[in-house]
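Protein chains: 2
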Amino acid sequence: MEKQAVTIYDVAREAGVSMATVSRVVNGNTNVRSETKEKVESVIEQLNYRPNAVARGLASRRSTTVGIVIPDVTNVYFSELSRGIDDVARMYNYQIILANSEEKNAAEVVESLLSKQVDGILYMGNIIDDRLRDQLEKSNVPVVLSGSVDVENQNPSVNIDYISAVQEITDKLIVSGHKKISFVSGPLDQTINTEFKLKGYKNALKNTGIKFDESLIFAGEYEYQSGYQLGDEIRQSGATASVVVDDEMAAGVLNFMTDNGVKIPEDFEVVTVNNSHITLLTRPQLSSVIQPIYDIGAVSMRMLTKLMNNEELETPEILLAHGYVKRESTKN
Amino acid sequence: MEKQAVTIYDVAREAGVSMATVSRVVNGNTNVRSETKEKVESVIEQLNYRPNAVARGLASRRSTTVGIVIPDVTNVYFSELSRGIDDVARMYNYQIILANSEEKNAAEVVESLLSKQVDGILYMGNIIDDRLRDQLEKSNVPVVLSGSVDVENQNPSVNIDYISAVQEITDKLIVSGHKKISFVSGPLDQTINTEFKLKGYKNALKNTGIKFDESLIFAGEYEYQSGYQLGDEIRQSGATASVVVDDEMAAGVLNFMTDNGVKIPEDFEVVTVNNSHITLLTRPQLSSVIQPIYDIGAVSMRMLTKLMNNEELETPEILLAHGYVKRESTKN
DNA sequence: CTGTTAGCGCGTTCAA
DNA sequence: TTGAACGCGCTAACAG
Chain A
1 MEKQAVTIYD VAREAGVSMA TVSRVVNGNT NVRSETKEKV ESVIEQLNYR
51 PNAVARGLAS RRSTTVGIVI PDVTNVYFSE LSRGIDDVAR MYNYQIILAN
101 SEEKNAAEVV ESLLSKQVDG ILYMGNIIDD RLRDQLEKSN VPVVLSGSVD
151 VENQNPSVNI DYISAVQEIT DKLIVSGHKK ISFVSGPLDQ TINTEFKLKG
201 YKNALKNTGI KFDESLIFAG EYEYQSGYQL GDEIRQSGAT ASVVVDDEMA
251 AGVLNFMTDN GVKIPEDFEV VTVNNSHITL LTRPQLSSVI QPIYDIGAVS
301 MRMLTKLMNN EELETPEILL AHGYVKREST KN
Chain B
1 MEKQAVTIYD VAREAGVSMA TVSRVVNGNT NVRSETKEKV ESVIEQLNYR
51 PNAVARGLAS RRSTTVGIVI PDVTNVYFSE LSRGIDDVAR MYNYQIILAN
101 SEEKNAAEVV ESLLSKQVDG ILYMGNIIDD RLRDQLEKSN VPVVLSGSVD
151 VENQNPSVNI DYISAVQEIT DKLIVSGHKK ISFVSGPLDQ TINTEFKLKG
201 YKNALKNTGI KFDESLIFAG EYEYQSGYQL GDEIRQSGAT ASVVVDDEMA
251 AGVLNFMTDN GVKIPEDFEV VTVNNSHITL LTRPQLSSVI QPIYDIGAVS
301 MRMLTKLMNN EELETPEILL AHGYVKREST KN
């Protein structure tokens, strides 16, 4: 049971000083004579002393831990985001508690993060209901949304301008002559779909005088299989192109088409928006909006460190630049 | 700064009992009269009391937290593993601290997990050097290897029988008439490659009297790009088939071939071993060893819970059953 | 069945 | 520049 072999007291005794002094050198307090500091450090080394982060957290009321809420680690978009987060967290010496929320039990997950006394929360995911919002609010810990939006946005966030991004790629398809462009969405209870990506799609239509057609909207899960299954409906809808909100779904749509003899991009065009490395795997390769996914994660974590440090944020809602890369699934 | 709004004392006072009693109901101790229990519970509800896990951890010397060491969340193999781990961890009410090791700074990462007083460690990754082994050993916290091997294996682990699995698929290629079969490996300083997968490959050759040819062994990183780059060398080696140890690499090899006019499986066959959903994305789809990835994660976490509970393990080294699925990248 | 009392390991005043 | 003493919020004997 004696996990904690050596404590701060052991070091103090061995070094012939008080624990307060040991605490000072461990925490880089300058008010220590360099001789005693060296002495203490050598004892620390020799005893292989490792400060107990739990005790430290209790005493200092800071856990140097942040909670990451992620809908699904298995989805490349989120896992790449988390890489950016992780790297910056490490840089600032924060530990990470990662919790899969599956968009459902987010509240429960956040609850347990809070009980762990996390110093901040990085939230990915697009379903933020009132209960969750309330919970976050009264928790008093800073929250940053990473690659995720909330219409009622009280919280700082880092994203790209989804509306413009989707609008631009839809435009390209329109310019290529398409009249019936399907929009392949994730769950329609997520505002990132309804209020942002779909809106971009609608904007493009409106600007070019194409009438919005509800029957060209398809909703599924952010998974390959889901896109593949939707493929048949999409084809039967008479659409000649698809704007897809997730790379894995897009791969599904694309593969369904080619598997069924529909030539891409000659007979059907597909664009996606995440530009994860999935886009390179398919044949033909997927044209995509370019998102700085890693950076979104990194920047959001950096914001969180500032918040946890009680620094002011110049801009609470950051939109990073996006782009477009034409590959083989579109003509332009 | 007053993160912790309400403490166990507040509840005790409000409910007119001692904090010990509150502690009992919170921890499900049965020795509490049901009336007082209800009273306490209602106060807890009313005050929105949430136990401080840090304080609890300090007092009980159990953090109900496990550390997960993962080489790269971005790799589907590992992220699917972590799903299995996560689900079981949640089932047993353990929190998870996830740390990207990148196979390099594993020791450093483990160090910080230990300082967080994790109750156990689930280790993924295949480079375990002496320092790390030493560190784990003297830490006294239970460790389970998940989808990872260690030749000097002191630690419990959950895997499939990589030797047999690779041997079997290599056999299939040999039966199909191939004489020059390339082996596309991850880093050769990882024993999972040298001592297991490569060994399976060699076994198959030996059993059928084919001479081992060093020039047919290719090593890269577990990434799509790496496989794609290796593609050219593989083609020039005169090999007519590839056994690849990672799905993303396999996708790279396959795409390189088709991109360069090599017909698969007619002119070249490719088999991979992880059967992640990547295998479905490529065209042709990848034949693969079937690994119960999710289960490997789940079972290893289950083992860890037993260990943390001081239960005995019947079998410290579990090998889950594997299989094979023929898709389109092979003839058999 | 319930309350009292020690700590858990460390940060942090406040004196010296 | 250092040390003594208190407390962070909770668990765990030990009494009663």
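Line by line, the protein sequences give chains A and B. The opening residue of the first sequence carries number 1 in the UniProt record's numbering; numbering runs sequentially from there. The opening residue of the second sequence carries number 1 in the UniProt record's numbering; numbering runs sequentially from there. Backbone N, C-alpha and C fix where the C-beta goes; we use that ideal spot for every residue, glycine too. Fair warning: this is a prediction, and the values are worked out from it, not measured in the lab.
At least one CB of chain B lies nearer than 8 Å to the CB of residue 224/A. In this structure the region 292 to 305 of chain B lies against the region 81 to 88 of chain B, because at least three pairs of beta carbons, one per stretch, are closer than 8 Å. Cβ-Cβ distances below 6 Å link residue 99/B to 69, 109 in the same chain, with the five nearest sequence neighbours on each side left out; the list follows chain order. Against chain B, a Cβ distance below 7 Å from residue 53/A picks out 115, 116, 117. For residue 304/B, not one C-beta of chain A is nearer than 8 Å to its own C-beta. Counting only the Cα atoms, residue 166/B lies some 46 Å from residue 115/A. Ranking 77/A, 34/A, 14/A by CA distance to the CA of residue 289/A puts 77/A first. Every unbroken stretch of the alpha helix (DSSP H) spanning 4 or more residues and falling wholly within the region 92 to 146 of chain B is given here in chain order: 106 to 115, 130 to 139. Using a Cβ-Cβ cut-off of 7 Å, residue 277/A is close to 224 of chain B, given in chain order. When Cβ-Cβ separations below 8 Å define contact, residue 100/B makes contact with chain A. Scanning 57/A, 72/A, 197/A, 206/A for the CA closest to the CA of residue 218/A turns up 197/A.
Taking the CA atoms as reference points, residue 84/B sits about 28 Å from residue 135/A. Residue-level contact by beta carbon fails for residue 131/A and chain B, as no gap is shorter than 8 Å. Inter-residue distance for residue 183/A and residue 315/A is about 32 Å (C-alpha atoms, whole angstroms). Two segments are said to touch when three or more pairs of C-beta atoms, one from each, lie closer than 8 Å; by this definition the region 244 to 254 of chain A touches the region 178 to 193 of chain A. Proximity of residue 83/A to chain B, defined by a Cβ-Cβ separation below 8 Å, is satisfied. In the three-state reduction of the DSSP assignment, residue 221/B falls in the coil class.
From the beta-carbon of residue 47/A, no residue of chain B is found nearer than 7 Å; the closest lies around 13 Å away. For residue 139/A and residue 221/A, the gap between their C-alpha atoms comes out near 31 Å. C-alpha of residue 238/B to C-alpha of residue 105/A: approximately 53 Å in a straight line. For residue 269/B, the enclosing beta strand (DSSP E) covers residues 269 to 272. Under DSSP, the beta-bridge partners assigned to residue 324/A are 289/A. By the Cβ criterion, the region 148 to 161 of chain B is in contact with the region 314 to 329 of chain B, since at least three pairs of Cβ atoms, one from each stretch, lie closer than 8 Å.
Counted as a single uninterrupted DSSP element, the stretch harbouring residue 183/B is not any alpha helix (DSSP H) but the beta strand (DSSP E) occupying residues 181 to 185. Among the CB atoms of chain A, none fall inside 8 Å of the CB of residue 10/B. Against residue 86/A, the close residues of chain B are 73, 98, 99, 100, in the order they occur along the chain (beta-carbon pairs closer than 9 Å). Residue 275/A sits away from residue 190/A, with the two beta carbons spaced by 8 Å or more. In this structure, DSSP gives residue 68/B an extended state, which the three-state scheme calls strand.
Contact residues of the region 265 to 298 of chain B toward chain A are 277, 278, 280, 281, 282, 283 (C-beta to C-beta distance below 8 Å). Of the residues 261/A, 281/A, 309/A, the one whose Cα lies closest to the Cα of residue 226/B is 281/A. A Cβ of chain B is located within less than 8 Å of the beta carbon of residue 95/A. About 17 Å separates the beta carbons of residue 52/A and residue 95/B, which is beyond the 8 Å limit, so they are not a contact pair.
Ranked by how close their Cα comes to the Cα of residue 72/B, the residues 65/A, 101/A, 82/A have 82/A in first place. Taking 8 Å as the upper bound for CB-CB distance, residue 107/B and residue 145/B are not in contact here, some 16 Å apart. Residues of the region 242 to 260 of chain B whose Cβ lies closer than 7 Å to any Cβ of chain A, in chain order: 251, 255, 258. The C-beta of residue 23/B comes no closer than 8 Å to any C-beta of chain A.
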